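Sequences listed follow chains D and G, in order.
Under numbering that gives the first Met the number 0, think of the first position of the first sequence as 0, with each following residue one higher.
Under numbering that gives the first Met the number 0, think of the first position of the second sequence as 0, with each following residue one higher.
2 protein chains.
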Amino acid sequence: MGINEFAALVKAASISLAAMSADRKNEALARIAGALADRRDEIVKANREDLVRSESENLAEPLLKRLKFDEAKIEEAVEGIHSLIKLEDPVGKTLFSMEMDDGLELYRTTCPIGVIGVIFESRPDALVQISTLCLKSGNGVLLKGGSEARETNRVLADVVIKATREAGVPANWIKLLETRAEVGEMLKMDEFIDLIIPRGSNEFVRYIMDNSRIPVMGHAEGICHCYVDEDFDMDMAVKIVVDSKTQYVAVCNATETLLVHERAASGFLPALKKALDEKRVEIVGCPKTREIIPAGPAGEEDWRAEYLDYKLSVKVVGSLDEAIGHINRYGSGHTDSIITTSRDKASRFMSLVDSGNVFWNCSTRFSDGFRYGLGAEVGISTGKIHARGPVGLEGLVIYKYKLIGNGHTVAEYANREKTFKHRKMDKPCPL
Amino acid sequence: MGINEFAALVKAASISLAAMSADRKNEALARIAGALADRRDEIVKANREDLVRSESENLAEPLLKRLKFDEAKIEEAVEGIHSLIKLEDPVGKTLFSMEMDDGLELYRTTCPIGVIGVIFESRPDALVQISTLCLKSGNGVLLKGGSEARETNRVLADVVIKATREAGVPANWIKLLETRAEVGEMLKMDEFIDLIIPRGSNEFVRYIMDNSRIPVMGHAEGICHCYVDEDFDMDMAVKIVVDSKTQYVAVCNATETLLVHERAASGFLPALKKALDEKRVEIVGCPKTREIIPAGPAGEEDWRAEYLDYKLSVKVVGSLDEAIGHINRYGSGHTDSIITTSRDKASRFMSLVDSGNVFWNCSTRFSDGFRYGLGAEVGISTGKIHARGPVGLEGLVIYKYKLIGNGHTVAEYANREKTFKHRKMDKPCPL
């Protein structure tokens, strides 16, 4: 079967999945969780095969780490599914209702997007996580995993397919593309795929974004900033910058560049340096920074760098607006924080910084769906269409308009025999 | 100045436009309306030049018709701006608020998307309409008009630029690309343009959609359906199908294909034929249709055709699900209506038809932002991401997360010294 016929089957199944009850979907989720636990040994065995083969093929260390799917990871996946079951069904919510005229009622109600293309590198946990999120939100799934994880992915896809079939979910709602199918082919299937969610390294995500006309939800980079204003509290500023940089360096919401107002720099930078030295953070800075504290030189490439490491670039700026300009130019639209005692400056920063998450007096590391209390996280989006910042289940639904009449035609309104009432209602859609 | 420098200026101006007050934006809108009226003669004169030149260059009749921008059109544009002024500012609304912990408050607030690329063929009214919608929603605009309308576009852009400058809107928030700049260049500027809105013929919109990685909001085609079920009211069905097909044939929400249940066909089709004959509608049909009423043969191409004319294709189907399958296969995801007395069948149709607008017992012609009571209409979207169906001002905004703390760091939560409260609030963002 060709990849297009595969995709057409998923598209067809996604239509009936869209109308499936919340109970049925939750039962299917519970069965997936059960089957993951039951087939634990088989999953771990398949994963070991992948690890051994990939190691012998000299797969890079970070990819090997992501590839690992052991009992602890299975346990985590099962827990994730149980919390997903508890979330409200995102489908069928009435967002808006309007009585257009007597007996003519308009409803805007949420519905699944359709078919989600999930492309992931290593990380078999992404397979389970994204496919269960898609099921809960009523979307069909076309999965494409990397060849390094092929044995694990086959077992996991089999678990999901069998468990959902037993629960009465339409066959074909999810398909794992065999590894010989090229990612490139999938990126062209805009007839069947409505949205692509990539999971993997920055280069991987960037490649997907640059090579598809299908909308992509995700982020390639997290170049996050802290800006310490001239009006600032010393202890708070040190504490926030240290947390933003060092609490966990290998993640997208860790701060990579610190901007400091020139009137704050001579007081703040030495105190910060002392605290960062304890965490063994390497500092590179602009010439003004290097006049105040010892640091390597920072070049243009440092302002665009996502170190994901114990390294920080520092720039002294002449004004709040210079800081905002720097962030909008070099940042990745992810998360940026201002540390200031001035409410007005915080307000200006939060209005003018064009990022999905703008913070005042707190660490950039808070930028996360679970910390936000959004429940399950589909991912973090740095796009500016549809969904932005940490994206929960609501990022996997769109809406349709339902209009219920009783023989209404437009001619009477065009002739002015009738006129619209346009009375807002607050009524759930009865269908 | 190159097209990229042009675009960079708009991007920079869009940042401060994003923070502009509703009053300032409304004052700028009022000045545009005033200037359009004041410079009426100049606009009409420029438009006549375009019309004369384009006619001598043998521009097609429908394009010439769209190109015309006379006093009546100016009046309409001015009225449109006055109703736009009355609409609520879509920017700065708090969509969601959450107390994450004591003194740590999260807000999701609406903000402009950024820079909108507007590409239009003929239709100088699109220039005024879309640019004023973008201004109200705080977005920068890069405009690219067709060479056929160049004189009109220059005057109109000058009106908008001068009027908004007088009102204190940042210079460069809007730029008209000179006609020598290629559309192709604009489609590649994903660094500066966040969303493209095309206005023109189906072929034109399709070309834009097929040739850009930037998200496109619009619809290429409206292949709308009426389905008459076996349980139906004869008078209502005839009335709705006649209205859907003939009330105005040249528009995207006119019905192009009628589907009829086989148990309804022999009673319904002769009655419908009689009514459509009065409107001189040509009918083409499937073999079963042609056994019941005189009609030309309909082929595969007819199910995909947007006639925009007094022509209807008719197919007899064996079941509701066959009708749904036909619509999902051949339709354009625009608007589809079921005529039935059965609530259950209506519900199934509205759940399973994968279109932005699904109707029960009313004409497809209702699918329109003004009829829906949404106020100003940005356009109709057949996409499934961001906005769908008739799109009002809310389609030109996205949101950002604002997090306000008081020295909060993630370390304490990771160490379990503190735990999140995640208490939903109902509080507008104070910044």
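Ideal Cβ positions, reconstructed from N, Cα and C, are used throughout, including at glycine.
Bear in mind that the values here come from a model prediction, so they are computed numbers and not experimental data.
Taking only the alpha-carbon atoms, compute the straight-line gap between residue i and residue j and give it to the nearest angstrom.
i, j, result
"G:N3", "G:N171", "13 Å"
"D:A345", "D:V352", "10 Å"
"D:N46", "D:R38", "12 Å"
"G:E98", "G:V409", "15 Å"
"G:W302", "G:R328", "9 Å"
"D:A274", "D:G332", "28 Å"
"G:V313", "G:L58", "34 Å"
"G:L86", "G:G374", "7 Å"
"D:G79", "G:T108", "28 Å"
"G:G113", "G:N25", "19 Å"
"D:I292", "D:Q246", "23 Å"
"D:G397", "D:A125", "Per the sequence shown, residue 397 of chain D should be read as Ile rather than Gly. Taking the straight line from one Cα to the other gives about 22 Å."
"G:G217", "D:G137", "25 Å"
"D:G372", "G:R422", "9 Å"
"D:C110", "D:L83", "18 Å"
"G:A297", "G:V283", "5 Å"
"D:P61", "G:E255", "55 Å"
"G:P123", "G:T418", "57 Å"
"D:K244", "D:Y309", "7 Å"
"G:D69", "G:L94", "42 Å"
"D:V234", "D:S350", "The displayed chain sequence assigns Asp, not Val, to residue 234 of chain D. Taking the straight line from one Cα to the other gives about 26 Å."
"G:L307", "D:G102", "29 Å"
"G:G266", "G:V316", "14 Å"
"D:A219", "G:A6", "23 Å"
State buried or exposed for residue i, treating a residue as buried only when at least 16 other CB atoms are found within 10 Å of its CB.
i, result
"D:S96", "buried"
"D:T363", "buried"
"D:P214", "buried"
"G:K420", "exposed"
"G:R342", "exposed"
"G:G431", "Any property of residue 431 of chain G remains undetermined from this structure, which presents chain G solely from 0 to 430."
"G:A415", "The displayed chain sequence assigns Arg, not Ala, to residue 415 of chain G. Exposed."
"G:E104", "buried"
"D:K64", "exposed"
"G:N405", "exposed"
"G:P197", "buried"
"D:A311", "The amino acid at residue 311 of chain D is misidentified as Ala; the sequence shows Leu. Buried, since its Cβ has 16 or more Cβ neighbours within 10 Å."
"G:M424", "exposed"
"D:D242", "buried"
"D:R370", "buried"
"D:G91", "buried"
"G:V484", "A query on residue 484 of chain G cannot be resolved here, the shown segment of chain G reaching from 0 to 430 and no further."
So residue i is in the alpha helix (DSSP H); what residue range does that whole segment cover?
i, result
"G:R149", "149 to 165"
"D:D234", "233 to 245"
"G:K135", "123 to 135"
"G:G440", "Since the first and last residues shown for chain G are 0 and 430, residue 440 of chain G lies out of range."
"D:I207", "201 to 209"
Which residue comes first and which comes last in the beta strand (DSSP E) that contains residue i?
i, result
"D:V114", "114 to 119"
"D:S312", "310 to 316"
"G:G183", "Premise fails: G:G183 lies in the alpha helix (DSSP H), 182 to 186, not in any beta strand (DSSP E)."
"D:E104", "103 to 111"
"D:E190", "Counting along the chain, D:E190 falls outside any beta strand (DSSP E), and DSSP gives it neither H nor E."
"D:E416", "Neither: D:E416 is in no beta strand (DSSP E) and is coded neither H nor E."
"G:L141", "139 to 143"
"G:I433", "As shown, chain G starts at 0 and ends at 430. That puts residue 433 of chain G outside it, with no answer to give."
"D:C225", "223 to 227"
"D:S146", "Note, D:S146: premise wrong, no beta strand (DSSP E); not H, not E."
Taking 7 Å as the cut-off, is the beta-carbon of residue i closer than that to any non-hydrogen atom of the ligand ADP?
i, result
"D:A125", "Judged by which ligands are present, the structure shown has none, so any question about the ligand ADP falls away."
Inter-stretch contact (C-beta, 8 Å, three-pair minimum) for the region 352 to 364 of chain G and the region 322 to 339 of chain G: Proximity of the region 352 to 364 of chain G to the region 322 to 339 of chain G meets the contact definition, three or more beta-carbon pairs being nearer than 8 Å.
Residue ranges of each beta strand (DSSP E) run of no fewer than 3 residues wholly in the region 349 to 406 of chain D, ordered along the chain? Counting whole runs of 3 or more residues, the region 349 to 406 of chain D contains the beta strand (DSSP E) stretches 356 to 361, 378 to 380, 388 to 390.
Check whether the region 384 to 391 of chain D touches the region 218 to 234 of chain G, counting contact only when three or more Cβ pairs, one atom from each stretch, lie closer than 8 Å. Touching, no.
Secondary structure, alpha helix (DSSP H): runs of 4+ residues fully inside the region 237 to 308 of chain G: Within the region 237 to 308 of chain G, the runs of alpha helix (DSSP H) at least 4 residues long that lie entirely inside it are, in chain order, 261 to 277, 286 to 291, 299 to 302.
Identify every run of the alpha helix (DSSP H) within the region 13 to 72 of chain D, keeping only runs that are complete inside it and at least 4 residues long; order them along the chain. 21 to 37, 39 to 55, 60 to 66, all fully within the region 13 to 72 of chain D.
Should the region 254 to 261 of chain D be regarded as contacting the region 380 to 388 of chain D, the criterion being three or more beta carbon pairs within less than 8 Å? The region 254 to 261 of chain D is not in contact with the region 380 to 388 of chain D.
Pairing CB atoms from the region 180 to 193 of chain D with CB atoms from the region 137 to 148 of chain D, are three or more of them under 8 Å? In short, these stretches touch, since the Cβ pair count reaches three.
Do the region 126 to 137 of chain G and the region 147 to 156 of chain G meet, that is, are 3 or more Cβ pairs less than 8 Å apart? Look at the beta carbons and you see the region 126 to 137 of chain G touching the region 147 to 156 of chain G: at least three pairs across the two are nearer than 8 Å.
For the structure I just gave you, are there three or more beta carbon pairs, one from the region 17 to 37 of chain D and one from the region 160 to 171 of chain D, closer than 8 Å? Yes: at least three Cβ pairs fall under 8 Å.
Near-chain A residues of the region 225 to 240 of chain D (beta-carbon distance less than 8 Å), N- to C-terminal order: In the structure shown, chain A cannot be found, because the protein chains are D and G.
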